[in-house]
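Trainee: Going by the numbering used here, the sequence shown opens with residue 22, and the numbers climb by one from there.
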Amino acid sequence: MDERRTQRVAEAIREELAEILGYELSDPRLGFVDITEVLVAPDFSKARIRVSLSGSAGEQRDALEALEHARHFVRRQLAARLQLYRTPDLHFEPDVDAETAARLKALHRRIRKGRPKDPGGA
């Protein structure tokens with residue numbers, strides 16, 4: 022399959038997931054969860070969603086369990102919104118990449134200040 026199409030679908034999934042997690046799930050265990058990366062299989066059968074979790078180790082574990090518990094609901098929401106031939110099975114995993122965590126922290130700081138994304142930055 023076309024790699025660009027796979028990347029576009031992954032980005033669309035990431036955007037919709039962020040909206041679904043932010044506005045449609047009310048599980049208090051989720052706390053502050055960020056979607057850092059979505060990796061979609063070339064045949065669209067599976068999607069690995071890497072998430073950045075805040076809080077203690079126990080809170081992070083609870084948040085991951087909440088995501089796994091909600092994954093079927095989230096998949097149905099994605100199917101309705103994206104209208105793909107095949108909506109991938111979702112698999113959530115923590116993203117422990119320190120660089121990604123630093124980038125997210127800077128992004129949250131920028132959002133709190135109300136500034137748009139830096140045009141010269143990544």
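Beta carbons: idealized from backbone N, C-alpha and C, even for Gly.
(1) Hey, quick one: how far does the beta strand (DSSP E) through residue 71 stretch, first residue to last?
(2) Of the choices 130, 111, 77 and 124, whose alpha-carbon is the least far from that of residue 35?
(3) Check the C-beta distance from residue 53 over to residue 75 and give it rounded, since I have them as a contact under 8 Å.
(4) Starting from the C-beta of residue 87, find all residues in its chain whose C-beta is less than 7 Å away, skip the five residues before and the five after it, and write them out in chain order.
(5) Rounded C-beta distance between residue 224 and residue 73? I'm assuming under 8 Å.
(6) Could you check where the alpha helix (DSSP H) with residue 88 kicks off and where it finishes?
(7) Between which two residues does the beta strand (DSSP E) carrying residue 59 extend?
(8) Considering only C-alpha positions, which residue in the set 41, 106 and 99 is nearest to residue 55?
(9) Measuring alpha carbon to alpha carbon, tell me which of 37, 114 and 93 ends up nearest residue 85.
(10) Can you check which of these residues, 39, 135 and 108, is closest to residue 63 by C-alpha distance?
Mentor: Working from what's here:
(1) As a working note, residue 71 is residue 50 in the sequence shown. Where residue 71 is concerned, the enclosing beta strand (DSSP E) stretches over 67 to 74.
(2) One-based indexing of the sequence shown puts residue 35 at position 14. Checking every option, the nearest Cα to that of residue 35 belongs to 111.
(3) On the sequence shown, residue 53 is found 32 positions in, with the first residue counted as 1. On the sequence shown, residue 75 is found 54 positions in, with the first residue counted as 1. The pair is a contact, with the Cβ atoms about 4 Å apart (cut-off 8 Å).
(4) Here the question's residue 87 lines up with position 66 in the sequence shown. Non-local C-beta neighbours of residue 87 in its own chain, meaning closer than 7 Å and more than five positions away in sequence, comprise 48, 50 and 51, ordered along the chain.
(5) Since the first residue of the chain shown is 22 and the last is 143, residue 224 is not available in this structure.
(6) Here residue 88 is taken as the residue at index 67 of the sequence shown, counted from 1. Per DSSP, residue 88 belongs to the alpha helix (DSSP H) from 78 to 103.
(7) As a working mapping, residue 59 is identified with position 38 in the sequence shown. 54 to 61 is the extent of the beta strand (DSSP E) around residue 59.
(8) The sequence position of residue 55 within the sequence shown is 34, counting from 1. Of the candidates 41, 106 and 99, the one whose C-alpha sits nearest the C-alpha of residue 55 is 41.
(9) On the sequence shown, residue 85 is found 64 positions in, with the first residue counted as 1. From the listed residues 37, 114 and 93, the smallest Cα separation to residue 85 is found for 114.
(10) Along the sequence shown, one-based indexing puts residue 63 at 42. The candidate whose alpha carbon is nearest that of residue 63 is 108.
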